[in-house]
Amino acid sequence: MNFIDIINKKRLNKELTTEEIYYFIDRIGKAPDYQFSALMMAICLNGMTHREIADLTGAMLYSGDIIDLTAIEGVKVDKHSTGGVADTTTLVLAPLAASCGLPVVKMSGRGLGHTGGTLDKLESIPGFNISLTQEEAVKQVNDMGVVIMGQTGKLCPADGYLYKLRDVTGTVQSIPLIASSIMSKKLAAGTDAIVLDVKCGSGAFMKSLDDARALAAEMVEIGKKLKRSVTAIITDMNQPLGNNIGNTLEVIEAAEILKGNLKGDLYEVSLTLGSEMLVLGGIAESTEKAREMLDENIKNGKGLAKFKELIVRQGGSPYVLDDYSRFKQPKLSKEIYLDEGYVHAFDTEAVGRASAALGAGRTSYDMPIDYSAGIVVNYRIGDKYDKTAPFAVMYSDDKDKIKDAEEIFTEAVTIGAEKCDKINPVIEVIR
995 MNFIDIINKK RLNKELTTEE IYYFIDRIGK APDYQFSALM MAICLNGMTH
1045 REIADLTGAM LYSGDIIDLT AIEGVKVDKH STGGVADTTT LVLAPLAASC
1095 GLPVVKMSGR GLGHTGGTLD KLESIPGFNI SLTQEEAVKQ VNDMGVVIMG
1145 QTGKLCPADG YLYKLRDVTG TVQSIPLIAS SIMSKKLAAG TDAIVLDVKC
1195 GSGAFMKSLD DARALAAEMV EIGKKLKRSV TAIITDMNQP LGNNIGNTLE
1245 VIEAAEILKG NLKGDLYEVS LTLGSEMLVL GGIAESTEKA REMLDENIKN
1295 GKGLAKFKEL IVRQGGSPYV LDDYSRFKQP KLSKEIYLDE GYVHAFDTEA
1345 VGRASAALGA GRTSYDMPID YSAGIVVNYR IGDKYDKTAP FAVMYSDDKD
1395 KIKDAEEIFT EAVTIGAEKC DKINPVIEVI R
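The sequence shown begins at 995 in the working numbering and counts up one residue at a time.
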């Protein structure tokens, strides 16, 4: 078998065999980068069939470790988001679903660019440890139902290699490559079923609804071919999901939802995802019943108690959830006022970049972040804004960062004279 023949075959828009796909994945570390780059471009331009994508997912899946979660009792259900701004659903639904009896093993990542990372949010809690071994994670879930941690072992090294090439060769925007990348990592994490939150809009990877639908459908198809139960929910990212953007700020918003003090879009998406998780896990027979269970465990405090238990088990201080002043506090704040009118649109990616500019995000994985930095946005699409209150408040330790972030943020918001409709955060479900 010859790598150049495989490149030419895909360049001519022909279907690769299973053996050819496994062959080129096996050549990682042996063949030059430029051959893989050429093949990624051919795939990006010509696409792949459902069978090819499933084979590519399988080849990347078996390129490294596969976590064994069989020692955990019950059906293990994972949740994955394609990334957005103020997307704090994991901090709400992981403890909440666990409080209903679902074993939750959540491997999360760090933020990069305009999107936040769950691990960064958790590390804003003093003492919280995200570095657990597989054995520690299994024991924790069997003991108290939930773990949220960083990746262990060498999961899907082939995907890591290919993604670095895609990032510098203009081949990131390819549904076959995106779908196989996401699903190989999720399947390697060892869970029995997966709920996917596919974001759509100005702050999402998929800007159009058609692309989001295509990606969601492809990942559900991969799950079917590889014998996993997968549900995809397309959700809106044309405005920040929550009102708080930034690490400590997002932990606080999640806590307020679990205390029963907040509803809104973050609450709605969290419970929609959580309901699907409970159904796939066999905890509830319908999403309606599952939602009732989740709501009840907000009202009776079991969800919040499970979040505190999670924090204690992973070395953190649960007292920050009762007294937010125990978090690192920002040195500076600034109220942001905009023109009066109705909120028509956000450039959500730019809003995320504004938060990162304040110090809440990073542009490289080794860049330090300021846990206290971020933005609280007080208005949403469809709201009338009349300057009686600030449109947003920015927090940082650096006045120059606030100045830069304000310039980005004010350009990211569109306000008009005409009324406009509010946005439903849940667009559709694909099973």
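Positions of the beta carbon are idealized from the N, C-alpha and C atoms, including for glycine.
Under 8 Å between the Cβ atoms of K1115 and P1097? One-based indexing of the sequence shown puts residue 1115 at position 121. One-based indexing of the sequence shown puts residue 1097 at position 103. Not closer than 8 Å, so no.
Look at the alpha carbon of S1125 and the alpha carbon of M1143, and state the distance between them as a whole number of angstroms. Walking along the sequence shown from the start, residue 1125 turns up at place 131. Walking along the sequence shown from the start, residue 1143 turns up at place 149. When rounded, the distance between both Cα atoms is 6 Å.
Would you mind working out which of G1240, L1220, N1294 sits nearest V1371, comparing C-alpha positions? Taking the first residue of the sequence shown as 1, we reach residue 1371 at position 377. Among G1240, L1220, N1294, the Cα nearest to that of V1371 is on G1240.
Could you check whether the stretch 1077-1084 touches the stretch 1258-1267, counting it as contact only if at least three pairs of C-beta atoms, one from each stretch, sit closer than 8 Å? yes
My output table needs one value for F1340: the three-state DSSP class, helix, strand or coil. Counted from its first residue, the sequence shown places residue 1340 at position 346. If DSSP states are grouped into helix, strand and coil, F1340 belongs with the strands.
Beta-bridge partners of C1194, as assigned by DSSP: The sequence position of residue 1194 within the sequence shown is 200, counting from 1. Paired residues: M1200, D1230.
Among A1173, R1222, G1309, G1276, whose alpha-carbon lies nearest the alpha-carbon of M1054? The sequence position of residue 1054 within the sequence shown is 60, counting from 1. Out of A1173, R1222, G1309, G1276, A1173 has the C-alpha closest to the C-alpha of M1054.
By DSSP, does M1213 sit in helix, in strand, or in coil? On the sequence shown, residue 1213 is found 219 positions in, with the first residue counted as 1. Looking at M1213 - three-state DSSP - the assignment turns out to be helix.
M1361 classed as buried or exposed, judged by whether at least 16 other C-beta atoms fall within 10 angstroms: The residue given as residue 1361 occupies position 367 in the sequence shown. The residue is exposed, with fewer than 16 neighbouring Cβ atoms inside 10 Å.
Buried or exposed: L1010, going by 16 or more other Cβ atoms within 10 Å of its Cβ? Taking the sequence shown and counting its residues from 1, one reaches residue 1010 at position 16. With 16 or more other Cβ atoms from the protein chains shown falling within 10 Å of its own Cβ, L1010 counts as buried.
Would K1193 and G1077 qualify as a contact pair, given that the criterion is a beta-carbon distance under 8 Å? As a first step, residue 1193 must be located in the sequence shown, where it is residue number 199. As a first step, residue 1077 must be located in the sequence shown, where it is residue number 83. In this structure, G1077 lies closer than 8 Å to K1193 by Cβ.
Helix, strand or coil for T1185? Go by DSSP, reduced to three states. Along the sequence shown, one-based indexing puts residue 1185 at 191. Three-state DSSP puts T1185 in coil, outside helix and strand.
Measure the alpha-carbon distance for Q1167 versus K1397 and round it to whole angstroms. The count along the sequence shown starts at 1 and reaches residue 1167 at position 173. The count along the sequence shown starts at 1 and reaches residue 1397 at position 403. Rounded to whole angstroms, Q1167 to K1397 spans 32 Å at the Cα level.
Length of the line joining the Cα atoms of I1176 and T1051: Numbered from 1 along the sequence shown, position 182 holds the residue referred to as residue 1176. Numbered from 1 along the sequence shown, position 57 holds the residue referred to as residue 1051. Taking the straight line from one Cα to the other gives about 9 Å.
Taking a contact to mean a Cβ-Cβ separation below 8 Å, would you say F1001 touches Q1029 in this structure? Within the sequence shown, residue 1001 is the residue found at index 7, counting from 1. Within the sequence shown, residue 1029 is the residue found at index 35, counting from 1. Checking the sequence shown, residue 1001 turns out to be Ile, not Phe. Yes; because the gap between Cβ atoms is below 8 Å, this pair is in contact.
Given that a residue counts as buried once 16 or more other Cβ atoms are within 10 Å of its Cβ, and exposed if not, what is R1347? Taking the sequence shown and counting its residues from 1, one reaches residue 1347 at position 353. Under this definition R1347 is a buried residue.
Hey, how far is the Cα of L1304 from the Cα of Y1313? Looking up residue 1304 in the sequence shown gives position 310. Looking up residue 1313 in the sequence shown gives position 319. For L1304 and Y1313, the distance between alpha carbons rounds to 13 Å.
Using 8 Å as the cut-off, can you tell me whether the stretch 1306-1325 makes contact with the stretch 1203-1210, which would need three or more C-beta pairs spanning the two stretches below that distance? With contact defined as three or more Cβ pairs closer than 8 Å, the stretch 1306-1325 and the stretch 1203-1210 are not in contact.
Span separating the alpha-carbon of T1342 from that of A1032: Position 348 of the sequence shown, counting from 1, holds the residue named residue 1342. Position 38 of the sequence shown, counting from 1, holds the residue named residue 1032. In a straight line, the C-alpha of T1342 is about 33 Å away from that of A1032.
Tell whether a beta-carbon distance below 8 Å holds between N1040 and N996. As a first step, residue 1040 is located in the sequence shown; it is residue number 46 there, counting from the start. As a first step, residue 996 is located in the sequence shown; it is residue number 2 there, counting from the start. Between N1040 and N996, the gap from beta carbon to beta carbon reaches 8 Å or more.
Buried or exposed for E1244, going by 16 or more other Cβ atoms inside 10 Å? For the purposes of this step, residue 1244 is identified with residue 250 of the sequence shown, where counting begins at 1. Result: buried.
In the DSSP assignment, what residue or residues form a beta bridge with A1386? Residue mapping note: residue 1386 aligns to position 392 of the sequence shown, counting from 1. Paired residues: I1330, V1371.
Report the option in I1363, I1330, A1187, I1169 whose CA atom is closest to the CA atom of Y1379. Translated into positions along the sequence shown, residue 1379 becomes position 385. If we check each option's Cα against that of Y1379, I1330 comes out closest.
Just to check my reading of the structure: P1234 and V1345 have Cβ atoms closer than 8 Å, yes? What is that Cβ distance to the nearest angstrom? To locate residue 1234, count along the sequence shown from 1; it is residue 240. To locate residue 1345, count along the sequence shown from 1; it is residue 351. Indeed they touch by this definition, with Cβ atoms about 6 Å apart.
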